[in-house]
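Engineer:
Number of protein chains: 2
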Amino acid sequence: MSAGDLLSDRLRDRGFRVTMQRRAVFDAVVALGHGTPESILRKAQEVDATLNLSTVYRNLEVLEDIDLVRHAHLGHGSPTYHVAHEHRHLHLVCSVCNSIVEVPVETADSLVELLADRHQFAVDIDHFAIQGRCAQCR
Amino acid sequence: MSAGDLLSDRLRDRGFRVTMQRRAVFDAVVALGHGTPESILRKAQEVDATLNLSTVYRNLEVLEDIDLVRHAHLGHGSPTYHVAHEHRHLHLVCSVCNSIVEVPVETADSLVELLADRHQFAVDIDHFAIQGRCAQCR
DNA sequence: GTCTATGCAAAGTTTTTGCACCTGG
DNA sequence: CCAGGTGCAAAAACTTTGCATAGAC
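Taken in sequence, the protein lines are chains G and A.
Be aware that the first sequence starts at 1, since it is given in my numbering, and climbs by one per residue.
Be aware that the second sequence starts at 1001, since it is given in my numbering, and climbs by one per residue.
In structure tokens form, the structure reads like this:
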């Protein structure tokens, strides 16, 4: 039967129900690439205008739980959510102009290896942004 | 007259006034090594029990402005403040047990160089923590 | 039909702001 | 004095929670 899309399969496998709200939240994350809970709400409300912010928070937690979504901290404000395994990159945040540049995660391979070797620490390198000053502002 | 301590000098140089609250906040940061606004308040209140949280926030901002204090993001919660130029190290935060390990900033030198060369980005490498899984939890 | 998920409203947390009073220079 | 700093209270921003109802299976 059903071709079974990734979202439905993953939800059901883990005992979660497939609801239109979950689909709307996931689709919003996909569409945005990156989004805060607030921006994800606004995007998802294009599909379902009655969708509630608390539903967004609850579903982002579920989507992270089933490894479809991840979040990163890019600054002082709300965390940013993105699709897991897509858009894997470091975020360079400029402390002067707040611009964000994305660079390949491989850029940090040597650091990742060092931390593994010296400290047996398995780095999730893109969870936090890297702050500094960009080419224009330095 | 006054030997002129660092705090007074730096404040006056930049046109800020020297108040006992500023001294208490700065002393608390020094004493704690690392502290959230809340923990800094508690520490500073040992000296001045009437000190207010909003004064702590305002003065941490001033102290950062005059480069005596810096803050880092170690997780989802409040930022952590520390004395500038002291305690320079990376924070490895375990996503499982939340333990924090400090490692020398030099560990990331190769990443810092790469970002400077390739992206003309001047990294403030210890502003954000590095998340991952520690030796025990991996 | 059962049990999870949702909407709504309220509360919790953390940080910021307005304002009258206080104080350093 | 007087501009800047402080305490207090209120507001703002962000996130979580309780509960009655709706909806997935």
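All C-beta atoms, glycine included, are put in the ideal place defined by N, C-alpha and C.
#1: In whole angstroms, what separates the C-alpha of residue 1017 of chain A from that of residue 1063 of chain A?
#2: Using only the alpha-carbon positions, how far apart do residue 1119 of chain A and residue 135 of chain G sit?
#3: Which residues in the same chain have their Cβ closer than 6 angstroms to the Cβ of residue 1044 of chain A, if we skip the five residues on either side of it in sequence?
#4: Is the Cβ of residue 98 of chain G closer than 9 angstroms to any Cβ of chain A?
#5: Exposed or buried, residue 1081 of chain A, counting other C-beta atoms within 10 Å across all chains shown (16 or more means buried)?
#6: Alpha carbon to alpha carbon, how far is residue 1131 of chain A from residue 104 of chain G?
#7: Mind checking whether the beta-carbon of residue 1024 of chain A lies closer than 8 angstroms to any heavy atom of the ligand ZN?
#8: Between G:121, G:115, G:138, which lies nearest to residue 1115 of chain A when the distance is taken from Cα to Cα?
#9: Counting only runs that start and end within the region 59-83 of chain G, where is the beta strand (DSSP E) found for 3 or more residues in a row?
#10: Using 10 angstroms around the beta-carbon of residue 112 of chain G, count the other beta-carbons present and answer buried if the total reaches 16, otherwise exposed.
#11: Exposed or buried, which one is residue 1019 of chain A when buried takes at least 16 other CB atoms within 10 Å?
#12: Could you tell me whether the Cβ atoms of residue 68 of chain G and residue 6 of chain G are closer together than 9 angstroms?
#13: In this structure, does DSSP put residue 112 of chain G in helix, strand or coil?
#14: What is the DSSP secondary structure of residue 46 of chain G, reduced to helix, strand or coil?
Structural biologist: Per the coordinate set shown:
#1: By one-based count along the second sequence, residue 1017 of chain A stands at place 17. By one-based count along the second sequence, residue 1063 of chain A stands at place 63. Roughly 12 angstroms separates the two Cα atoms.
#2: Numbered from 1 along the second sequence, position 119 holds the residue referred to as residue 1119 of chain A. Numbered from 1 along the first sequence, position 135 holds the residue referred to as residue 135 of chain G. When rounded, the distance between both Cα atoms is 7 angstroms.
#3: Counting from 1 along the second sequence, the entry for residue 1044 of chain A is found at position 44. 1024, 1025, 1028, 1051.
#4: What you label residue 98 of chain G is simply residue 98 of the first sequence in a count that begins at 1. False, the Cβ-Cβ gap to chain A never drops below 9 angstroms.
#5: Numbered from 1 along the second sequence, position 81 holds the residue referred to as residue 1081 of chain A. Buried is the call here.
#6: Taking the first residue of the second sequence as position 1, residue 1131 of chain A is located at position 131. Taking the first residue of the first sequence as position 1, residue 104 of chain G is located at position 104. Their backbone Cα atoms lie some 17 angstroms apart in a straight line.
#7: Of ligands this structure carries none, so the ligand ZN is not represented either.
#8: To locate residue 1115 of chain A, count along the second sequence from 1; it is residue 115. Among G:121, G:115, G:138, the Cα nearest to that of residue 1115 of chain A belongs to G:138.
#9: 69-72, 80-83
#10: One-based indexing of the first sequence puts residue 112 of chain G at position 112. The residue in question, residue 112 of chain G, is buried, as its Cβ has 16 or more Cβ neighbours within 10 Å.
#11: Working through the second sequence from its first residue, we reach residue 1019 of chain A at position 19. Looking at its Cβ environment, which holds fewer than 16 other Cβ atoms inside 10 Å, residue 1019 of chain A is exposed.
#12: As a working note, residue 68 of chain G is residue 68 in the first sequence. As a working note, residue 6 of chain G is residue 6 in the first sequence. Closer than 9 angstroms, so yes.
#13: The residue given as residue 112 of chain G occupies position 112 in the first sequence. Correct three-state label for residue 112 of chain G: helix.
#14: Working through the first sequence from its first residue, we reach residue 46 of chain G at position 46. Correct three-state label for residue 46 of chain G: coil.
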